[in-house]
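Residue numbers (this note's numbering): 2 to 233. We treat Cβ as the ideally placed atom computed from N, Cα and C, and that holds for glycine. Computed from a prediction, not measured in an experiment: that's the story for all the values here. Shown next, in structure tokens, is the structure this report addresses.
Here it is, written out as structure tokens:
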């Protein structure tokens, strides 16, 4: 058993333990393995352990890995980094899920670029729950309006909400921000939108996110190791 497999299994146990601790059903939380900056061979190794969904920050990096791993037909590629308008066409061709919709124009470009033969592109609305100027995302109070609009666009399938809280070790502050993301998600459901994904929580705080209702956690460092100044 290699180091990636051990780390992946340990992460799965953390998710299972956290899910049971708050009396949520088994399988209620999905793992997105964040493979950004790591080579295709690392993705292949974790895939061999049983992981299928992988998160990437950059369109070109993901496209290169997708080509290198073309024999793995069941890999699901998620964009979890900000998307520039001029990359929308390439993103629509490369990814199965885009988790970082924060403005109508990006959604419109993805909708126009997605080939109908590929099926609808799954998308999430990114919410800037911490209010930090360095973070991307729509303000919480504007999330529902954007979600309702995105849900009307052809070639897209709105799946839910994604967010990144501030980088802090203060559990109480994190819980408040995770709860605010959950409220955005619940408002979408209450409005009749067919959403099923609340993507929040990373290596250091996934237990708190699961306690507040996450259905997907994005974990990189705990599986692949440190990547310099970036962490997930």
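Annotation: residue 147 to residue 51 spans about 35 Å, alpha carbon to alpha carbon.
In the three-state reduction of the DSSP assignment, residue 52 falls in the coil class. Separation of residue 116 and residue 211 (C-alpha to C-alpha, rounded to the nearest whole angstrom) is 35 Å. Taken in chain order, the unbroken stretches of alpha helix (DSSP H) that lie wholly in the region 169-194 and span 4 residues or more are 172-191. Around the CB of residue 208, 16 or more other CB atoms lie within 10 Å, so the residue is classed as buried.
Beta-carbon to beta-carbon, residue 228 and residue 38 are separated by about 5 Å, close enough to satisfy the 8 Å threshold. Comparing alpha-carbon positions, the option among 82, 7, 46, 221 lying closest to residue 136 turns out to be 82. About 6 Å separates the CB atoms of residue 126 and residue 144; that is less than 8 Å, so the two are in contact. Straight through space, the alpha carbons of residue 96 and residue 57 are spaced by roughly 9 Å. Remark: C-beta atoms of residue 213 and residue 179 approach each other more closely than 8 Å. Shown here, residue 77 sits in a strand according to DSSP, grouped into three states.
Of the residues 98, 3, 110, the one whose Cα lies closest to the Cα of residue 198 is 98.
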